[in-house]
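When we follow my numbering, the leftmost residue of the first sequence carries the number 84, and every step to the right adds one.
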Amino acid sequence: MFKIATWNVNSLKVRLPQVLEWLAAFQPDVLAMQETKIPNELFPAMDFEAIGYHVAYSGQKTFNGVAIASKQTIKEVETDLPGIEDPQRRVLAVTLGDVRVIDLYVPNGQSVGSEKYDYKLHWFSKLNHYVKVQLKKYEKLIVLGDFNIAPADLDVYDPKTWEGHVLVSDKERQALKELLQLGLTDAYRQLDTESPGYSWWDYRMGGFRRNLGMRLDLILVSSFFSKKLMRCQVDKATREAERPSDHAPVIAVIE
DNA sequence: ATGGTGGCGCGGCCA
């Protein structure tokens, strides 16, 4: 059995106690984190090692940042997409045994038509090329993280209001669709075709209390794993914690 | 109500 999780922690400095407590409770084999907002020299590696996790990380001050905690030793670390010069730390690919794991913090995009939106689409096209190559090399591939794209209207609390906006726009969804068509399956949606499965709720306007959420945090698996998927769920209880991240962890169980 | 909350870090950006 292989338990894998993704969680946008929105500052590892603030969330470290919650993350360590969560790891101890859920005992995933792998946790992919996003928005660590911490430079590598300040990454709290020893805190993870003390509870039995190896870590890899690619961070920067203030913004972005990705990290992986794994019970297995971490090999073949890559932190950049080929074909794009990008100081923003959003990618962390590692090999655990014979499993390739790619942790992503996809650009938010700000608003449709903005410079950041164009960057998001450009970044995603480079991602798709990278994953295509990775799939040829690794049969056992998992791509997970904060995609900042709600795949379909079912994944959005009020699709009418959001129509055409960033996070749900056609071009973003098309880019995600092209990623899936390379040979990946959206784990949550494969197992549950009806429940929204929100993983993010805006801090503002009582978003969580009113369940105004979106499913932005995805676990995509190659066909080798899709046949062995047992469970995929959102740990909504963690979003209810004192001083929570605006994202809840998503957990998949394989085999 | 063109807002709101939270993180970073101390003014204003980013989500």
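For every residue, glycine included, the Cβ atom is placed at its ideal position computed from N, Cα and C.
- prompt: Okay, do the segment 269–287 and the segment 233–245 touch, 3+ Cβ pairs below 8 Å being the bar?
  reply: yes
Assigned exposure category for P190 - 16 Cβ within 10 Å defines buried: buried
- prompt: Among Q171, E124, A108, A270, which residue has its Cα nearest to the Cα of S309?
  reply: A270
query: Using a Cβ-Cβ cut-off of 6 Å (strictly less than) and excluding sequence neighbours within five positions of N211, which residues of its own chain qualify?
result: E261, L262
field: Residue span of the beta strand (DSSP E) that contains N91, given as start and end
entry: 85–91
query: Taking the alpha-carbon positions, what's the V177 to W245 distance?
result: 35 Å
- prompt: What are the boundary residues of the alpha helix (DSSP H) that V216 is part of?
  reply: 198–220
- prompt: Under the rule that 16 or more other beta-carbon atoms within 10 Å means buried, what is G180, buried or exposed?
  reply: exposed
- prompt: Can you give, in chain order, each stretch of the beta strand (DSSP E) that sits fully within the segment 105–156 and has at least 3 residues?
  reply: 113–117, 137–141, 149–153
Segment limits, beta strand (DSSP E) that includes R183: 182–188
task: Give the straight-line distance between the Cα atoms of P332 and E132, rounded to the nearest whole angstrom.
output: 21 Å
Residues near V304 by beta carbon distance below 6 Å, same chain, minus five either side: I225, T268, A270
- prompt: H330: buried (16+ other C-beta within 10 angstroms of its C-beta) or exposed?
  reply: buried
query: What is the residue span of the alpha helix (DSSP H) that A270 lies within?
result: 270–274
query: Between which two residues does the alpha helix (DSSP H) containing K158 stretch?
result: Counting along the chain, K158 falls outside any alpha helix (DSSP H), though it belongs to the beta strand (DSSP E) covering 158–161.
message: Taking only three categories from DSSP, how would you classify G228?
response: strand
field: Burial state of G247 (16 or more Cβ within 10 Å)
entry: exposed
task: With DSSP collapsed to three states, give me the class of L237.
output: helix
task: Sort E159, K144, Y140 by Cα distance to I151 and report the nearest one.
output: Y140
query: Going along the chain, which residues of its own chain have a beta-carbon closer than 8 Å to the beta-carbon of A258, five neighbours each way excluded?
result: L204, F207, S208, N211, I232
D253: first and last residue of the uninterrupted alpha helix (DSSP H) it sits in: 253–264
N- and C-terminal bounds of the beta strand (DSSP E) containing S306: Careful: S306 lies outside any beta strand (DSSP E), inside the alpha helix (DSSP H) at 306–309.
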